[in-house]
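Visitor: Next up is a structure, given as structure tokens.
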Amino acid sequence: MVLLSGGMDSATCLGLAVRESPPVHALTVVYGQRHMREIRCARALAGHYGIEKHSVLDIPIGPLLDSSLTDRHRPLPRAGKRGRTAIPSTYVPARNTLLLAAALGYAESHRLARIYLGVNAIDYSGYPDCRPEYLRAFERLARLATRVGVEEHRSIHLRAPLLRKSKADIVRWGERLGVPWRLTWSCYAGGAEPCGVCDSCRLRALGFREAGVRDPTVPTDRAA
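Numbered by my numbering, the letters in the sequence shown go through residues 1009 to 1232 in order.
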């Protein structure tokens, strides 16, 4: 199964999962994001790939979380405004733990052997739950906390194929997989087009530029 956010990383994971281990289940979690652009993209991606089992789970925990991605009244930080070691305000507390807990329950219930997720330890904006040690710890937790782990001694593995890839590597891989970039959204803001100044836009633009590929979500005049 794939944790599908609607962003370019999870879209690449979806394209890979469709190739590696069909039929694919996909799970999208609405946790109180400040906009729904990614959710609409997740639905579009599932439709593009013909995913019959795409679940959208609403967990409205956003008001409880201290993050500029869930609080529409907080300004989004612009790229380059923070120190290199600081965790930015766009960090959503325990987000990947929340998403993986939902995915783990789904995977165990449907007897699925692996969960694909698009976490990245290189261009990861400083988020602590995008690191290899976090993923290893969650896999250990999954073995201890599930019936299949305790009774059947079977692991549900986390498949994080983008973990050590740069954004340019991801774009190149996505191109080979035929990922429809036009159906993905990365911008932290939810406007009609990407803002071009947030961390996520900056990393995405750098990846497409270094890969020599035009990003179809960016207006032609800005891309030039």
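Even glycine gets a Cβ: it sits at the ideal position worked out from N, Cα and C.
Rounded to the nearest angstrom, how far is the Cβ of G1134 from that of G1015, given a contact under 8 Å?
Guide: With 8 Å as the limit, G1134 and G1015 do not qualify as a contact, their Cβ atoms being about 17 Å apart.
Visitor: Given this structure, state the Cα-to-Cα distance separating P1169 from A1025, to the nearest angstrom.
Guide: Between P1169 and A1025, the C-alpha separation is close to 10 Å.
Visitor: Measuring alpha carbon to alpha carbon, tell me which of I1069, R1045, A1052, G1070 ends up nearest H1062.
Guide: Ranking I1069, R1045, A1052, G1070 by Cα distance to H1062 puts A1052 first.
Visitor: Among R1103, A1094, A1145, which has the Cα closest to the Cα of G1070?
Guide: Nearest C-alpha to G1070: R1103.
Visitor: Quick one: measure Cβ to Cβ for I1047 and L1112, integer angstroms, because I've assumed they're closer than 8 Å.
Guide: In fact, because the Cβ distance is near 21 Å, the residues do not count as touching under 8 Å.
Visitor: If you check the beta carbons only, do L1106 and Y1057 fall under 8 Å apart?
Guide: Going by C-beta atoms, L1106 is not nearer than 8 Å to Y1057.
Visitor: Can you tell me the Cα-Cα spacing of D1079 and Q1041, whole angstroms?
Guide: For D1079 and Q1041, the distance between alpha carbons rounds to 8 Å.
Visitor: Locate the beta strand (DSSP E) running through H1165, then write down its first and last residues.
Guide: Looking at the DSSP string, the run of the beta strand (DSSP E) that includes H1165 is 1165-1167.
Visitor: Run through DSSP, which three-state label would Y1057 get?
Guide: Correct three-state label for Y1057: coil.
Visitor: Beta carbon of P1085, beta carbon of P1096: below 8 Å?
Guide: Going by C-beta atoms, P1085 is nearer than 8 Å to P1096.
Visitor: Please classify L1065: is it buried, with 16 or more other beta-carbons within 10 angstroms of its beta-carbon, or exposed?
Guide: Flag for L1065 reads exposed.
Visitor: Go ahead and pull the three-state DSSP assignment for S1063.
Guide: S1063 falls in the strand class under three-state DSSP.
Visitor: Which of the three DSSP states is assigned to A1176 in this structure?
Guide: A1176: helix per DSSP, three-state reduction.
Visitor: How is Y1099 classed by DSSP in three states: helix, strand or coil?
Guide: Y1099 falls in the coil class under three-state DSSP.
Visitor: Identify every residue that forms a DSSP beta bridge with T1036.
Guide: Partner(s): V1064.
Visitor: Terminal residues of the continuous beta strand (DSSP E) containing Y1124?
Guide: Run containing Y1124: 1122-1124, per the beta strand (DSSP E) assignment.
Visitor: Tell me whether C1203 sits in a helix, a strand or coil according to DSSP, three-state version.
Guide: Coil, per DSSP.
Visitor: My output table needs one value for V1221: the three-state DSSP class, helix, strand or coil.
Guide: Three-state DSSP puts V1221 in coil, outside helix and strand.
Visitor: What do you reckon, are the CB atoms on D1074 and I1178 nearer than 8 Å?
Guide: The answer is no: Cβ separation not under 8 Å.
Visitor: Please report the residue range of the alpha helix (DSSP H) in which T1018 lies.
Guide: It should be pointed out that residue 1018 corresponds to Ser in this sequence rather than to Thr. It spans 1016-1028 - the alpha helix (DSSP H) in which S1018 sits, taken as one unbroken run.
Visitor: For a test of the three-state rule: what should DSSP assign to L1011, helix, strand or coil?
Guide: Correct three-state label for L1011: strand.
Visitor: Note down the Cα distance separating A1110 from A1176, rounded to an integer number of angstroms.
Guide: The straight-line gap from Cα to Cα measures roughly 30 Å.
Visitor: Less than 8 Å between C-beta atoms, sequence neighbours within five positions excluded: which residues of the same chain meet that for L1120?
Guide: Closer than 8 Å at Cβ, skipping near neighbours: M1009, H1033, Y1114, I1164.
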